[in-house]
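Working notes, beginning with the structure itself.
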């Protein structure tokens, strides 16, 4: 029966080629636009570390003076050197890492390469195990290396490819800003999206090429990169960075369950009270402990334009669907005579309804396939854009399935009203008028 | 022509009429708002920077092996390197003017200070982008001075990257001057940043700030120039060339700087950039959004027009015999043409009325979700006229076909 309906549908569709093409094209354009924008949104609002994100937290405290104090204000978005060190040394979480970004000049020993800049991450030992960073060669460093400001680095696989042709470079020396540092590890493929641990760099930045102990970077006076926010008389003097009145570091902790998180939040309140008693903090304790996804939401990392584009595309899809419904309705109604004959010859309403839905489904499926092709084209266009997230715009299987369901659902929905209307035809009236 | 028979006929195609009107309404709502968004983006891209952008380029570079502020003489050492670089660049053929600076309008790298009118004021009066440069900066950028005087070499200080001491004199933008000292001259007044005071010696007409990154977050042109050469690990020079020589000077500058002192890194791609490139990059997202909106609108209008053509063609086909009867009873071709045109006008008119409501609703929703201002009525009016015209244009071909139906049709069986 289905094969027969399909044949009828194809015959009918072939009869009005221009109209069929218009319906298929409209659905394809709508689906293509929606899926392109939806995929970009899906990629951008994804979870950077799906297995770990609910155990990673970003503590915030408010170390400012009372100037401009407003009770409902958010605490600072980063921590100062003093607070970062205190919280790190308190070791109240299962793992914790203090970090900041930087830019270093790499001086390759190979004469063929000119010196070049590389983004760097200055951090502490727990960074690698806490974020689940995989190593291609070697390993990270340990707390003792942090304490002794060991002259060592971990490099990304991209930098390893560039400098050492992808060979195991652990044990070799890397010259940065005039200092030789020993390579202890080479990362595997690691690019969490968004670049959650430091949103001051572009939100969808690539991972850094060089990682080294924070203490070493401070010893070597390497250039800090990112946002610095000072208050009071902070900022003054030659080394504002190590004062307690400038925030420029990110602090992350790993807490394995909500109970631990509650305890840690208590600790942050106690810490703030203690610092206030010491005279460092002047405001009442104001702490936040957001988990990874909460932190990303709070920072609204997904660009507003991307959301706007999704709405635009779905508006467009709606117009295309209404268009298709209108055309399909006109088409089915025009075939009232033919349908009347079939009814008179004994076809039930359900059979007619099924037949018309098959026809709608064929249009939807063709539109869906067209839409998928257009989505591939759209995503290819997005990838040609020089935005930081361009390279991430790919259809994953999940979005592929969504596309198909959307296309089929949309066209069946579009076929429903016209098919139902056409089935209401009274066969006698149709036969008589003909 | 009486509209009564048209209305009676429409009543027999309720579903089709409602659908086409709905499509017109949705198209109107989306197109109005999209055009409004495009207009805003275009306005933004066209914002003046207040500088003479032609023939301008920027060099950003990092020193290698110079401790930034560890050794006490580091700042002096870097300053002599910077002055040597400025000299090297000045001597290149085709160069008109060179200045040291920390940033530029649209450069997307900025230092922002809270400015107060008294040293102990709690909340700052405004947040200003601070440009740090030498006495040549204003003339190199071609910024227009409207009050007071420009900097001289004697005003210029030099300090380390992390030293945020304020020089005794600054020049502010007119927008900042008016916000700080409404209805009075700002020249000679003292302003404060982090309790440190400085005197305004001049006012420039217009100077855009560095950050224009996010839409809905336009800067207020609050900018301040400090006569300071910043001697940090990163040095930045802005160069004005003679007309037509920019490309040659950009290429020569790299070679000249490296041969003068190779202990530096100038990034291959982003180390030397023309101002045109900086402007292009600063507004890339806005341009992309405007183009996307325009393309989607255009396709949507095409789909709607095609829908009207398709649906009307069906109706014409369906009423072939009736049209023949009307023709046989004396209706002229033009009467048939008008019939379909008026029918379309009525449907589109209904759609447009609903569309205006939807357009305003969509605008209100966008205002609540995104930083979007209220849409002026003119956009809705343009949208209404555009869609009514689109409907008439789309209906013309099938209506003309209807008008050519021969009166003979009346005698034929369907």
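Residue numbers (the numbering used here), protein chains in the order written: chain A, 37 to 470; chain B, 9 to 422. From the three backbone atoms N, C-alpha and C, an ideal C-beta is built for every residue, glycine too.
Item	Value
Against chain C: residues of the segment 334-348 of chain A by CB proximity under 9 Å	Among the protein chains in the structure shown, which are A and B, there is no chain C.
Nearest to residue 134(B) (by Cα), restricted to the options 81(B), 274(B), 183(B) and 212(B)	183(B)
Whether residue 352(B) touches residue 318(B) by CB criterion (8 Å)	no
C-beta neighbour in chain A for residue 322(B), strict 8 Å	yes
CA nearest to the CA of residue 101(B), picked from 248(B), 153(B), 148(B) and 257(B)	257(B)
Proximal residues of chain A, C-beta to C-beta of residue 35(B) below 7 Å	355
Given 8 Å, three or more beta-carbon pairs between the segment 315-334 of chain B and the segment 54-63 of chain B	no
Buried/exposed call for residue 41(A), threshold 16 Cβ in 10 Å	buried
CB contact below 8 Å: residue 272(A) versus chain B	Reliability fails at residue 272(A), whose pLDDT of 40 lies under 50, so the model's placement of it is uncertain and the value that follows must be treated cautiously. By this cut-off, residue 272(A) is an interface position.
Span separating the alpha-carbon of residue 245(B) from that of residue 284(B)	16 Å
Alpha helix (DSSP H) runs contained entirely in the segment 171-251 of chain A, provided each spans 4 or more residues	179-183 and 193-200
N-terminal and C-terminal residue of the alpha helix (DSSP H) that residue 7(B) is part of	A question about residue 7(B) goes unanswered here, because the residues of chain B that appear run from 9 up to 422.
Within chain A, partners of residue 352(B) - CB distance below 7 Å	Near residue 352(B) there are no residues of chain A at all, since even the closest Cβ is about 14 Å away, more than 7 Å.
Among 246(A), 235(A) and 210(A), the one whose alpha carbon lies nearest that of residue 145(A)	210(A)
Among 139(A), 88(A), 82(A) and 197(A), the one whose alpha carbon lies nearest that of residue 213(A)	139(A)
Beta-carbon separation (whole angstroms), residue 400(A) vs residue 191(A), contact threshold 8 Å	Contact flag wrong, Cβ pair sits at about 51 Å.
Contacts around residue 223(B), its chain only, beta-carbon distance under 6 Å, and the 5 residues preceding and following it disregarded	Because the pLDDT at residue 223(B) is just 45, under 50, the model does not fix this residue reliably, and the point stays unresolved.
Inter-residue CB distance, residue 179(B) and residue 154(B) (contact presumed, cutoff 8 Å)	That pair is no contact at about 10 Å.
Bridge-paired residues (DSSP) for residue 280(A)	Bridge partners of residue 280(A): none, in fact.
Stretch pair the segment 378-389 of chain B + the segment 347-362 of chain B: three plus CB contacts closer than 8 Å	no
Candidates 203(B), 247(B), 188(B) and 163(B), of which the one nearest residue 149(B) by Cα	247(B)
Proximity below 8 Å, CB of residue 134(A) to CB of residue 250(A)	yes
Alpha-carbon spacing of residue 349(A) relative to residue 73(A), whole angstroms	7 Å
Within chain A, the residues that residue 3(B) reaches when beta carbons sit closer than 7 Å	Residue 3(B) is absent from the model: chain B starts at 9 and stops at 422.
Close-in-space but distant-in-sequence residues of the same chain around residue 365(A) (CB under 7 Å, 5 per side omitted)	453, 454 and 457
Residue 396(B): contacting residues in chain A (beta-carbon distance under 9 Å)	None at all; the shortest Cβ gap to chain A is about 17 Å.
4 or more residues per run - each alpha helix (DSSP H) lying fully within the segment 141-206 of chain B	145-149 and 182-188
Which residues DSSP lists as bridging residue 230(B), in chain order	Answer is none; residue 230(B) lacks a bridge partner.
Helix, strand or coil at residue 70(B) according to DSSP, with G and I counted as helix	strand
Neighbourhood of residue 144(B) by C-beta distance below 7 Å, restricted to the same chain and skipping five residues each side	105, 106 and 107
Residues bridged to residue 288(A) [DSSP beta-bridge criterion]	133(A)
Under 7 Å by beta carbon: chain A residues contacting residue 293(B)	341
Same chain only: Cβ atoms within 6 Å of residue 523(A), ignoring 5 sequence neighbours per side	Only positions 37 to 470 of chain A appear in the structure, and residue 523(A) is not among them; the question remains open.
Min CB distance residue 370(A) to chain B below 8 Å	yes
Residue 457(A): contacting residues in chain B (beta-carbon distance under 8 Å)	23
Under 8 Å between C-beta atoms of residue 444(A) and residue 228(A)	no
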